[in-house]
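*Asks:* Numbering (our numbering), first residue to last: -16 to 398.
Ideal Cβ positions, reconstructed from N, Cα and C, are used throughout, including at glycine.
The model shown is predicted, which means the values in this text are computed figures rather than measured ones.
In structure tokens, the structure reads:
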């Protein structure tokens, strides 16, 4: 979801521009009627804080009057100027959003609106999110890919293709025919290897027994060609092939996703290849991945601010130009979270949303993810964040008690 908002004052001057991009869509239950939406607001949020979506400063709003025909009055900061609509969000048992149409501007930060629609999240937020200061925690040592390898559309960046071509040239002596290339659709055998991740090994193209796979990690050509296998075998013999090995090259992303994006194929015409050669070619694939990762990953060792954080994610303010350039096109990145007086904790952040303000600062929401190699890091993170969460909860409880005490005193005075 992308949302661009241009706010113009009475003097027709641009005040701010926001580009909001939702990477990961929130799951909502079925639509809620406008009448039910008004009832929810009346019962739970009369003169209570809600938040304005798509606002940089996390602006607040209140509803101080309910009119007929699902109309109501929304109060915001005096300097807030909406477009034709306002989306407010809040939290009861679950996260919800309500869309309003601005019917009339009654004054600075005072709008007559109609309820247009409401959505309620399918699942409640599991983790409490709270604000943190740069004195307590910062983000640094960002490791981010310059290019995203997208196998769905076979979009392999030119720089990576150049590395593959160089790698093929350097290993041309492995056989009579050596091919290292990215997968392309249309070849039945290569499509199967990409999908299954299995390796093709035919030790002797003239021997029918060589077409039987050694185990389930190898391609069974009968599953692909069936009765046409004899024709395939005959064609290989006619071309003078002795042995064939075709092994997938699997790229492991920062989020531990396996991406089979290329293959190594070695064909000999005189010498027979063996399992030793299969292992060598697989090792060759690992070396290729290492070379691509080194060339495709950049380290940005700058300090960036964490605005809020929870057990499951964080909101970051990105001001570094290099980071902004690559984060906008990335699915996620590895970075260090450094709490005061603590050793850095390495995390992977899957990008959930991004939005930019008029000064070109980039705000990034990430979900924390990890794999088995990062279990200890996640464990350390939880041990640090849990006491902070408890402290924040206790603070909220004290504030609520204080508000209730003030309300009771006001009520006693009025009585």
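1) In terms of alpha-carbon separation, which member of 180, 196, 181, 119 lies closest to residue 187?
2) Going along the chain, which residues of its own chain have a beta-carbon closer than 6 Å to the beta-carbon of residue 245, five neighbours each way excluded?
3) Let me confirm a value: residue 155 is counted as buried when at least 16 other C-beta atoms fall within 10 Å, else exposed. Which label applies?
4) Let me know the secondary structure DSSP gives residue 55 once reduced to three states.
5) On the CB-based measure, 16 or more other CB atoms within 10 Å of its CB, does residue 209 come out buried or exposed?
6) Alpha carbon to alpha carbon, how far is residue 276 from residue 159?
7) Which runs of the alpha helix (DSSP H) spanning at least 4 residues fall entirely within the region 193 to 244, listed in chain order?
8) I need the straight-line Cα distance from residue 295 to residue 211, nearest angstrom please.
9) Note down, in chain order, each residue of its chain lying with its Cβ closer than 7 Å to the Cβ of residue 174, except the 5 sequence neighbours on either side.
10) Three or more beta-carbon pairs under 8 Å between the region 223 to 232 and the region 245 to 257, yes or no?
11) For residue 46 and chain B, any beta-carbon pair shorter than 9 Å?
12) Does DSSP classify residue 23 as helix, strand or coil?
13) May I have a chain-ordered list of the alpha helix (DSSP H) segments no shorter than 4 residues that lie completely inside the region 95 to 176?
14) Short of 7 Å in beta carbon distance, which residues of its chain neighbour residue 194, apart from the five on each side in sequence? Order them along the chain.
15) Taking 9 Å as the threshold (C-beta atoms), are residue 180 and residue 97 in contact?
16) Less than 7 Å between C-beta atoms, sequence neighbours within five positions excluded: which residues of the same chain meet that for residue -7?
17) Within 10 angstroms of its Cβ, does residue 365 collect 16 or more other Cβ (buried), or is it exposed?
18) Compare the C-alpha of residue 63 against each of 372, 48, 89, 375 and name the closest.
19) Alpha carbon to alpha carbon, how far is residue 257 from residue 219?
20) Under a three-way DSSP split, which group does residue 249 fall into?
21) By Cβ distance below 8 Å, which residues in the same chain neighbour residue 375 in space, the five residues on each side in sequence not counted?
22) Let me know if residue 214 comes out buried or exposed under the rule of 16 or more other beta-carbons within 10 Å of its beta-carbon.
23) Could you please give me the residues that DSSP links to residue 87 through a beta bridge?
24) Helix or strand or just coil, what does DSSP make of residue 354?
25) When the Cα atoms are used, what is the spatial distance from residue 172 to residue 182?
26) By how many angstroms is the C-alpha of residue 178 removed from the C-alpha of residue 61?
27) If we ignore side chains and look at the alpha-carbon of each, how far apart do residue 371 and residue 319 end up?
28) Determine the DSSP secondary structure at residue 396, reduced to helix, strand or coil.
29) Going by C-alpha to C-alpha distance, which of 332, 270, 52 sits closest to residue 146?
30) Identify the continuous beta strand (DSSP E) that holds residue 283 and give its terminal residues.
31) Rounded to the nearest angstrom, what separates residue 368 and residue 74 at their Cα positions?
32) Can you tell which of 80, 322, 162 has the C-alpha that lies nearest to the C-alpha of residue 264?
33) Just to confirm, is the Cβ distance from residue 71 to residue 119 under 9 Å?
34) Starting from residue 335, trace the beta strand (DSSP E) both ways and give me its first and last residue.
*Replies:* Taking the structure as given:
1) Nearest C-alpha to residue 187: 196.
2) Around residue 245: 165, 232.
3) By the 10 Å Cβ count, residue 155 comes out exposed.
4) Here residue 55 sits in strand by DSSP.
5) By the neighbour-count rule (16 or more Cβ atoms within 10 Å), residue 209 is not buried but exposed.
6) Distance between the alpha carbons of residue 276 and residue 159: 29 Å.
7) Complete alpha helix (DSSP H) runs here, min 4: 204 to 208, 212 to 221.
8) Straight-line Cα distance between these residues: approximately 52 Å.
9) Within the same chain, residue 174 has close Cβ partners 168.
10) By the Cβ test, the region 223 to 232 is in contact with the region 245 to 257, since at least three Cβ pairs between them sit closer than 8 Å.
11) In the structure shown, chain B cannot be found, because there is only a single protein chain.
12) DSSP, read as helix, strand or coil, puts residue 23 in helix.
13) If we require 4 residues or more, the alpha helix (DSSP H) runs fully inside the region 95 to 176 come out as 141 to 153.
14) Closer than 7 Å at Cβ, skipping near neighbours: 185, 204, 212, 216.
15) Against a cut-off of 9 Å, the Cβ pair of residue 180 and residue 97 comes out as no contact.
16) For residue -7, the predicted structure reports a pLDDT of 37, less than 50, and the residue's modelled location is therefore unreliable. A value from the coordinates is still provided. Its chain contains no residue whose beta carbon lies nearer than 7 Å to that of residue -7 once the 5 sequence neighbours on both sides are disregarded.
17) Classified as exposed, residue 365 has fewer than 16 neighbouring CB atoms from the shown chains inside 10 Å of its CB.
18) By alpha-carbon distance to residue 63, the top candidate from 372, 48, 89, 375 is 89.
19) If you take the alpha carbons of residue 257 and residue 219, they lie about 18 Å apart.
20) It is a strand residue.
21) In its chain, beyond the 5 residues on either side, 111, 113 have a beta carbon closer than 8 Å to the beta carbon of residue 375.
22) It counts as exposed.
23) Answer is 95.
24) Only weak support is given to the placement of residue 354: the predicted model assigns it a pLDDT of 47, under 50, and the value that follows is read from those uncertain coordinates. In this structure, residue 354 counts as coil in the three-state DSSP scheme.
25) C-alpha separation (whole angstroms): 11 Å.
26) If I take the Cα positions, the gap works out to 57 Å.
27) If you take the alpha carbons of residue 371 and residue 319, they lie about 18 Å apart.
28) Looking at residue 396 - three-state DSSP - the assignment turns out to be helix.
29) Looking at the Cα atoms, 270 is the closest of the given residues.
30) Note, residue 283: beta strand (DSSP E), 280 to 283.
31) Going by the C-alpha atoms only, they are around 22 Å apart.
32) Of the residues 80, 322, 162, the one whose Cα lies closest to the Cα of residue 264 is 162.
33) Taking 9 Å as the Cβ cut-off, residue 71 and residue 119 do not qualify as a contacting pair.
34) Note, residue 335: beta strand (DSSP E), 328 to 339.
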